[in-house]
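Visitor: Under my numbering, think of the first position of the sequence shown as 8, with each following residue one higher.
From the three backbone atoms N, C-alpha and C, an ideal C-beta is built for every residue, glycine too.
Computed from a prediction, not measured in an experiment: that's the story for all the values here.
For reference, the structure I am asking about is given below.
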Amino acid sequence: MSRTRAYFDHNATTPLRAEVLEGLRAALEETYGNASSIHRDGQRARQLVEEARRKVAVFLNADPREIVFTSGGTESDNTAIFGVVAASEGSRKHVVTTTIEHPAVLNACERLEQLGIDVSYVPVDASGVVNPADLEAALRPETVLASVMHANNETGALQPIPEIASVCHRAGVPLHVDAVQSCGKARVDCGTLGADMLSLSAHKLYGPKGVGVLWIRKGTPFAKLLYGGHHERDRRPGTENVPGIHALGIAVSRCQVEWEAEAERLRKLRDHLESLLLSHVEGVSVNAGGSTRLPNTSNVRIDGVEGEPLVIALDLRGFAVSSGAACSSGSVEPSHVLTAIGLSREQARSCIRISLGMSNTREQVEALAGAIEDSVGHLRRIAPAAGSRVSAGGGSQ
Ligand SMILES: Cc1ncc(COP(=O)(O)O)c(C=O)c1O
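As structure tokens, then:
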């Protein structure tokens, strides 16, 4: 008998909203013109792109001319980092980022290092938050860019971006913010955040995969990465993904209307889930529990079990959760984010991430808590985590 599945991995990706799918399908079928063509079919495509640009600009409180459509979060992050570094003056260049960034930033920085550019990685505290004073201390006269994420994809911890932006601007350093996880789950207002560049990805907010945005504040030093046509005001060449961009516009508009009420609903569900786990499962603690977190994200450590077998056990029971960032699943290395907040490698391997979203209900949350309790009991009997013991008590950090 097939069981109904419950999806709790919304930080990895989200399903399409019905109206997004409808818009995507209609644009794929009907708006096939090239947005650069001057005939009517081209003009209709251009209209969809510019409409979406205005929607994104309203959503981010930015100028539509500062919105660049990309193929997603990874491209936006890379374009920001390499784009600013290439445009900045000086023979010695230095970039500042943090130890908890997504691989789209960390691996771009690793490449910078291979190219002879210095990179400093600012650590975070036990609740997964960067101290702006530490970031300030890392800045140097030759620093050309700082890149700090708004919300961490694994713990949900929100970073003090306005304070970090002030520190950067006092030193004349532009700030890029990876807001891929916070868009749609927290307030993302380019004016209030004070950053100079910001990345967004459609598939994290009920839009399609393979389309995103890089917001570039006017005046930010920037050199394009790709060479081709003069699309996107000469910042990102390539024939526009009109259906994807149109669908992204619909997704952000819906988010704009609904995110606050939804965030409150998810926060209650997430807190209910955590209190069930803390009271029913021995050895549970909430990673980054002491931080201001995304309302949908819960990263829990469960002593005495490995995260991977627990994810598989839950999958067999009909629940999709993650044992770390989806982008690095398959890797045996413990999460760099969890070790950065002070967990040992063994502790980091005993964690799962539960990220809630639109389809989740109280009943699903209670069923998930029950399934975790049962699966943990079973796994502790048959496959206890190497070197870890259940410590009584738990509690959130
Ligand atoms: C914080 C963060 N940045 C960037 C990305 C990459 O975005 P995309 O999947 O659109 O390339 C992700 C995706 O997991 C993410 O969570």
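How big is the Cα-Cα spacing for Tyr213 and Ala254?
Guide: Per the coordinates, the alpha-carbon of Tyr213 lies some 9 Å from the alpha-carbon of Ala254.
Visitor: Would you tell me roughly how many angstroms separate the C-alpha atoms of Arg224 and Asp241, rounded to the nearest one?
Guide: Looking at the two C-alpha atoms, the distance is approximately 15 Å.
Visitor: Which residues in the same chain as Ala262 place their Cβ atom closer than 6 Å to its Cβ, once the five residues preceding and following it in sequence are excluded?
Guide: The sequence given here places Cys at residue 262; Ala does not occur at that position. Gly191, Leu212, listed in sequence order.
Visitor: Report the residue from Ser292, Glu271, Arg72 whose alpha carbon sits nearest the alpha carbon of Met365.
Guide: Glu271
Visitor: Following a CB-centred definition, is Thr81 positioned closer than 7 Å to any heavy atom of ligand 1?
Guide: Yes.
Visitor: By the DSSP assignment, the alpha helix (DSSP H) with His253 in it spans what residues?
Guide: If you look at His253, you'll find it in the alpha helix (DSSP H) that goes 249-287.
Visitor: At the level of alpha carbons, what is the spacing between Thr21 and Gly297?
Guide: 26 Å
Visitor: Quick one: using the 10 Å Cβ neighbour count with 16 as the cut-off for buried, is Glu120 buried or exposed?
Guide: exposed
Visitor: To the nearest angstrom, how far is the alpha carbon of Ser127 from that of Thr104?
Guide: 6 Å
Visitor: Grouping DSSP H, G and I as helix and E and B as strand, with all else coil, what is Val383?
Guide: helix
Visitor: Between Val91 and Val102, what straight-line distance do the alpha-carbon atoms span, to the nearest angstrom?
Guide: 10 Å
Visitor: Just the C-alpha distance for Asp310 and Glu289, rounded to the nearest angstrom, thanks.
Guide: 8 Å
Visitor: When you measure from the CB of Met156 to every non-hydrogen atom of ligand 1, does any distance come out below 7 Å?
Guide: yes
Visitor: Which whole-angstrom value describes the C-beta separation of Ile344 and Ser329, a residue pair presumed to lie in contact below a C-beta threshold of 8 Å?
Guide: Here residue 344 turns out to be Val, not Ile, going by the sequence shown. Going by Cβ atoms, the distance from Val344 to Ser329 rounds to 12 Å, so no, they are not a contact pair.
Visitor: Helix, strand or coil for Gly401, going by three-state DSSP, please let me know.
Guide: For Gly401, the pLDDT reaches just 31, beneath the cut-off of 50, and the residue's location in the model is therefore unreliable, although a value from the coordinates is still provided. Gly401 falls in the coil class under three-state DSSP.
Visitor: Measure the alpha-carbon distance for Ser98 versus Val151 and round it to whole angstroms.
Guide: 11 Å
Visitor: Would you tell me roughly how many angstroms separate the C-alpha atoms of Ser64 and Pro148, rounded to the nearest one?
Guide: The sequence given here has Ala at residue 64, not Ser. Approximately 33 Å between the Cα atoms of the pair.
Visitor: Ordered along the chain, which non-local residues of its own chain (more than five positions away) have a Cβ less than 8 Å from that of Ala115?
Guide: Asp84, Asn85, Ile88, Phe89
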